[in-house]
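The block underneath contains the structure these notes are about, expressed in structure tokens.
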Amino acid sequence: ERTAELSKTNLLLGQEIAERKRAEEALAQKAAEAAVVAERSRLARELHDAVTQTLFSASLIAETLPRSWERDREKGRRLLRELQQLSRGALAEMRTLLLELRPAALVEASLGDLLHQLAEAATGQGGLPVVVTVEGECHLPPDVHVALYRIAQEALNNAVKHARAGQVAVHLRCIPSPAFEGNERVELCVRDDGRGFDAGQTLPDRLGLGIMHERAQAIGAAWTVESEPGQGTEVRVIWTGEGQGTEDGRSG
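Shown next as structure tokens:
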């Protein structure tokens, strides 16, 4: 009788544990679904805000272009170039935001192409000239590929929103190693000629500095930011094929 009682208790306990596990899994699934919905809503807002503003500016130029062309051909050509720039920027912004809905596409595209896309989006959004140079061909692990993209994205966002820069230069250098298949060293540098800041006095949670540092640290890369008031800002990341990195440094 005692054995039967214990078996019944164990059975009830097992059922209770199973029901609790199912409830926890259901809650976790609901939380994940809510997170996906929230993220898609955020991306939809960003897509609407960024692209709508760019297209509105483009529509204003398109309306005035015929009259300006008739009165002053040189001004008309300038407006036409601006219209083309805005249109390319809007397309780049849309592609960039749509990538967030399909993260696998980040890995499928080459890092050089992604940097050019970010540059076009930054130019279209803020009229900021961004020059991208790529040396070599990068063959990176997916996590390194995505981390470098995110760091470049954050640095360009800072240049557009805060730096008041006249131009930005993005340089990606991929140095292959004969010892193994892939890259031995990858250098990413984002430099602007904006107003800069005191790197030693700026908190890590400002200007996305902490986020960039964490992303670099996660892949074992060295990360530095150099800036002085009135002297622009340079963000540099160095990753080696072995995934070895050094502690970040911040110097003025």
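Following my numbering, the numbering of the sequence shown begins with 57 at its first residue and continues without gaps.
For every residue, glycine included, the Cβ atom is placed at its ideal position computed from N, Cα and C.
Treat the numbers as computed from the prediction; the structure is a model and nothing was measured.
**Request:** In the DSSP assignment, find the unbroken alpha helix (DSSP H) run with A272 in it and report its ends.
**Result:** According to the DSSP assignment, A272 belongs to the alpha helix (DSSP H) that extends over L265 to A274.
**Prompt:** If you count every other CB in all the chains shown that lies within 10 Å of the CB of G207, and 16 or more means buried, which is it?
**Reply:** With the sequence shown as reference, residue 207 is identified as Ile, and Gly is not the correct amino acid for it. When all chains shown are included, I207 counts as buried.
**Asked** By DSSP, does S143 sit in helix, in strand, or in coil?
**Response** Annotated three-state conformation of S143 is helix, per DSSP.
**Message:** Excluding the 5 residues flanking S124 on each side, which residues of the same chain have their C-beta closer than 6 Å to its C-beta?
**Reply:** Correct list, in chain order: K131, G132 and L135.
**Request:** Let me know the secondary structure DSSP gives A84 once reduced to three states.
**Result:** In the structure shown, the three-state DSSP call for A84 is helix.
**Request:** State the DSSP-derived secondary structure class of E282, mapped to helix, strand or coil.
**Result:** Of the three classes helix, strand and coil, the one that applies to E282 here is strand, per DSSP.
**Request:** Kindly confirm or deny that the region 136-149 and the region 109-124 touch, where touching means at least three C-beta pairs closer than 8 Å.
**Result:** Taking a cut-off of 8 Å for Cβ pairs, the region 136-149 and the region 109-124 touch, as three or more such pairs fall below it.
**Asked** By how many angstroms is the C-alpha of L62 removed from the C-alpha of L68?
**Response** Here the C-alpha atom of L68 lies approximately 10 Å from the C-alpha atom of L62.
**Request:** Using alpha carbons as the reference points, say which of Q287, P197 and T59 lies closest to E240.
**Result:** Distances from the alpha-carbon of E240 to those of Q287, P197 and T59 put P197 closest.
**Asked** Is DSSP giving E303 helix, strand or coil here?
**Response** Confidence in E303 is poor, its pLDDT being 39 and thus under 50, which makes the residue's placement unreliable; the coordinate value appears in the next sentence. It is coil, neither helix nor strand.
**Asked** What is the DSSP secondary structure of H195, reduced to helix, strand or coil?
**Response** H195: coil per DSSP, three-state reduction.
**Asked** Going by the CB atoms, is the gap between A148 and Q173 shorter than 8 Å?
**Response** With contacts defined as CB atoms closer than 8 Å, Q173 and A148 qualify as a contacting pair.
**Message:** How far does the alpha helix (DSSP H) with A225 in it extend, from its first residue to its last?
**Reply:** Note, A225: premise wrong, no alpha helix (DSSP H); beta strand (DSSP E) at V224 to P232.
**Item:** Whole-angstrom distance between T280 and Y205, CA atom to CA atom
**Value:** Separation of Y205 and T280 (C-alpha to C-alpha, rounded to the nearest whole angstrom) is 16 Å.
**Message:** Measuring straight from C-alpha to C-alpha, what distance separates D304 and H269?
**Reply:** In this predicted model, D304 has a pLDDT of only 41, less than 50, meaning its place in the structure is not dependable enough to derive any value.
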